[in-house]
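Quick notes on the structure that follows.
Numbering (full-length UniProt numbering), first residue to last: 1 to 231.
Here's what the structure looks like:
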């Protein structure tokens, strides 16, 4: 899947000259954490988010630096801080040249960008113009659909057993010889011995994640290997 497959169309936007108050009201009204900023040609020029509005004089949260650090800072840098904490227009507080993705960007790449940069939402852009927004909420909706679809699948017991073993072999945490899997009417029973509780939990998740599984009975035991003392 790509960004364009899950994005929200018709995203709310603001202009650089939009009042900060209006931007805040829009975010609250739509229940969103940020807004793309577009110019008169509807091209993306910025992004204003909750993070951009945390340091505000009205809330008494403007950036306060130690006097020695303020003394070392250039006057222009101190002036920039002042504009961000006191400015009344979106252009005063927005992030310029924000990250964006294309409709064809794979979801895996979108997730990497969100994780690395801490983004909650990203504008989806084609030819410089915003055509939608992809957010963490969009991912949750996709996840909910996939989980619901998986819960409704009816699969033969032998197929379920084979898929469980295939996933165990793929992950290489343990040998398939260490675990026995019995499937009856979609109910999976796990037996065996592992050396770590985390391996036991991972085996349970493997079984629960296979389409067609209705219940997992975990009878796997954890037995830590005895220390080997040299003779």
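Just so it is clear, CB atoms sit at the ideal spot from N, CA and C, and this is done for glycine as well.
Note that this is a predicted model, so its numbers are computed, not measured.
Query	Result
At least 3 beta-carbon pairs within less than 8 angstroms: the stretch 6–18 vs the stretch 35–47	yes
Residue 116 versus residue 98 - alpha carbon distance	14 angstroms
Residue environment, residue 85, which counts as buried when at least 16 other CB atoms sit within 10 Å	buried
Local Cβ density within 10 Å of residue 7, reported as buried at 16 or more and exposed below that	buried
For residue 8, the residue or residues it bridges with in DSSP	133
DSSP-derived helix/strand/coil call for residue 94	coil
Neighbour-count burial assignment, residue 1, 16 or more Cβ in a 10 Å radius	exposed
Through-space distance from residue 105 to residue 209, alpha-carbon basis	26 angstroms
C-alpha gap between residue 152 and residue 130, whole angstroms	37 angstroms
Under the three-state DSSP convention, the category residue 43 falls into	strand
Rounded distance between the beta-carbons of residue 83 and residue 52, thought under 8 angstroms	Not really, about 12 angstroms apart at Cβ, beyond 8 angstroms.
Closest Cα partner of residue 110 within the set 78, 135, 169	135
Check whether residue 3 and residue 159 have beta carbons under 9 angstroms apart	no
Chain-order list of residues whose beta-carbon lies under 7 angstroms from that of residue 155 (same chain, five-residue window excluded)	211, 212
Whole-angstrom distance between residue 194 and residue 127, CA atom to CA atom	54 angstroms
The stretch 213–227 touching the stretch 183–190, judged by at least three CB pairs closer than 8 angstroms	yes
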